[in-house]
Amino acid sequence: MRHVIALDVGGTGMKAALVGADGELLHQARRATGRERGPDAVVETILGFAAELRGYGEQHFGEPASAAGLAVPGIVDAARGIAVYSANLGWRDVPLRRLLGDRLGGVPVALGHDVRTGGLAEGRIGAGQGADRFLFVPLGTGIAGAIGIDGGVEEGAHGFAGEIGHIVVRPGGTPCPCGQRGCLERFASAAAVSQAWAEASGDPEADAADCAKAVESGDPRAAAVWQEAVDALADGLVTALTLLDPRTLIIGGGLAEAGETLFTPLRAAVERRVTFQKLPSIVPAALGDTAGCLGAGLLAWDLLETDITDRSEVTT
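84 is the number of the first residue of the sequence shown in the numbering used here; add one for each residue after it.
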């Protein structure tokens, strides 16, 4: 059975799959990233994990994987196949496409940014299916975004397209590690809500999920924390939709797990802010934590389809 290898590398864990031509997850596996052992060890873990997946495919499907897709965090030069920088993983300028291709016996390899890769999957087979233009925004430890256009995801001239988390929504506000002050992710990420609710509740162990539950139970302190995050998120999203005019806004990540506790006030806050802009649909992500892996598989299949097209053009 023809298949590809898909790997989604996170700060603490890796998700992997063998993906069939129809997008079916034929085999899934997980492994700790092991970042505490250093960047070289992380790279070796990725390569070894992929080699194991190749072996599994040979044993169970009668042939090795035809290609591989790899999604990683940080700054990614997808065109050159280089993981430029990741603060979480500590690496710089790692030629992952070449290294993985060599380990897998020369099969074609696609490298992508984790959020853009997840956005690719949400756009093609998830919540954005059928939308010609969408914006995927996962609300996790930080906030990033993926700009979907006609079945693909925009990389930008330098690989930074979609960094909505660093739109300044509160000028002069909380310092951000990026060097600015008042960035969206300092107010509306799951990490920011967790910190704000821990301070407001007096419980240092409280997190964003606890805040959402307190909102649902009618706690006014939680409601104030939650509304501040929703207002900041709405400000950032309206800036983005003013520039990009998406048909659909897809919200994912840990904060979106609050369901309508998030989406009902968020839709209202965005609607209050739009003037001439066309109000997009605001929907929850559909693929959960499999989005990055599925997207990596799509990147790999895209490589194979491009190769077939190129060879067809040469022979005609």
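Note that beta-carbon positions come from the ideal geometry of N, C-alpha and C, so glycine has one too. Keep in mind it's a predicted model, so treat the numbers as computed, not measured.
For residue i, the nearest candidate out of the options (CA to CA)
i: E311; options: I334, G337, S277; result: S277
i: D372; options: V198, L387, A271; result: V198
i: A134; options: V190, A341, A214; result: V190
i: G152; options: L101, I247, V366, G145; result: L101
i: I226; options: G173, R175, C266, L332; result: C266
i: G211; options: L382, A379, L387, P367; result: P367
i: G231; options: A323, A89, G131, A315; result: A323
i: I365; options: C259, E343, I250, A379; result: E343
i: A341; options: G173, L332, D176, W309; result: W309
i: E237; options: A281, A295, G206; result: G206
i: R175; options: G157, D318, L183, L187; result: G157
i: R269; options: D293, D314, R186, A289; result: D314
i: E146; options: G103, L183, C261; result: G103
i: A58; options: Q263, E299, G188, A317; result: Since the displayed the chain opens at 84 and closes at 399, residue 58 lies outside it and no answer follows.
i: A317; options: R118, I250, T389; result: I250
i: R356; options: V321, T389, E388; result: V321
i: H143; options: A150, M84, F359; result: M84
i: L182; options: A99, F132, G256; result: F132
i: K98; options: A379, A279, E299; result: A379
i: T389; options: A112, A150, P303; result: A150
Whether residue i touches residue j by CB criterion (8 Å)
i: T224; j: G375; result: no
i: L203; j: L381; result: yes
i: G234; j: G245; result: no
i: R114; j: G140; result: no
i: G319; j: V252; result: yes
i: T116; j: G93; result: yes
i: L345; j: V220; result: no
i: N171; j: R118; result: yes
i: A289; j: A295; result: no
i: A297; j: A305; result: yes
Expected contact under 8 Å - CB spacing of residue i and residue j to nearest Å
i: L108; j: H86; result: Incorrect: roughly 10 Å between the Cβ atoms, too far for contact.
i: A154; j: D91; result: 5 Å
i: L130; j: R180; result: Not quite, the Cβ-Cβ distance comes to about 12 Å (not below 8 Å), so this is no contact.
i: G88; j: A383; result: The question names Gly, but residue 88 is Ile in the sequence shown. That belief holds up - the Cβ atoms of I88 and A383 are roughly 7 Å apart, short of 8 Å.
i: I247; j: L377; result: Rounded, the Cβ-Cβ distance is 22 Å, inconsistent with contact.
Cβ of residue i within 8 Å of any chain C Cβ
i: E246; result: Although the question refers to chain C, the structure presented lacks it and comprises just one protein chain.
Subject >> Any 3 or more C-beta pairs closer than 8 Å across the stretch 118 to 131 and the stretch 343 to 359 >> reply: Segment contact: the stretch 118 to 131 against the stretch 343 to 359, fewer than three CB-CB distances shorter than 8 Å; contact not assigned.
**OP:** Quick one: which unbroken beta strand (DSSP E) runs of 3-plus residues sit fully inside the stretch 351 to 379? Chain order, please.
**Re:** Every beta strand (DSSP E) stretch that sits fully inside the stretch 351 to 379 and reaches 3 residues is listed by chain position as 364 to 367.
Subject >> the stretch 228 to 242 in contact with the stretch 285 to 304 per 3-pair CB rule at 8 Å >> reply: no
Original post:
Does the stretch 334 to 344 come close enough to the stretch 255 to 273 that 3 or more CB-CB pairs lie under 8 Å?
Top reply: yes
Subject >> Ordered list of beta strand (DSSP E) runs contained in the stretch 88 to 127, each at least 3 residues >> reply: Fully enclosed beta strand (DSSP E) runs of 3 or longer: 96 to 103, 108 to 115.
Original post:
On the three-pair Cβ rule with 8 Å, is the stretch 150 to 164 touching the stretch 178 to 197?
Top reply: Touching, yes, given that three or more Cβ pairs across the two stretches are closer than 8 Å.
Original post:
Taking one C-beta from the stretch 317 to 330 and one from the stretch 215 to 224 each time, how about it: are there three or more such pairs within less than 8 Å?
Top reply: yes
Original post:
Taking only runs of the beta strand (DSSP E) that begin and end inside the stretch 155 to 179, which ones reach a length of at least 3 residues, in chain order?
Top reply: Listed in chain order, the complete beta strand (DSSP E) runs (minimum 3 residues) inside the stretch 155 to 179 are 158 to 160, 165 to 169, 174 to 177.
Original post:
Can you give, in chain order, each stretch of the beta strand (DSSP E) that sits fully within the stretch 217 to 291 and has at least 3 residues?
Top reply: 229 to 232
**OP:** Quick one: which unbroken alpha helix (DSSP H) runs of 4-plus residues sit fully inside the stretch 176 to 204? Chain order, please.
**Re:** Here the runs fully enclosed are 179 to 186.
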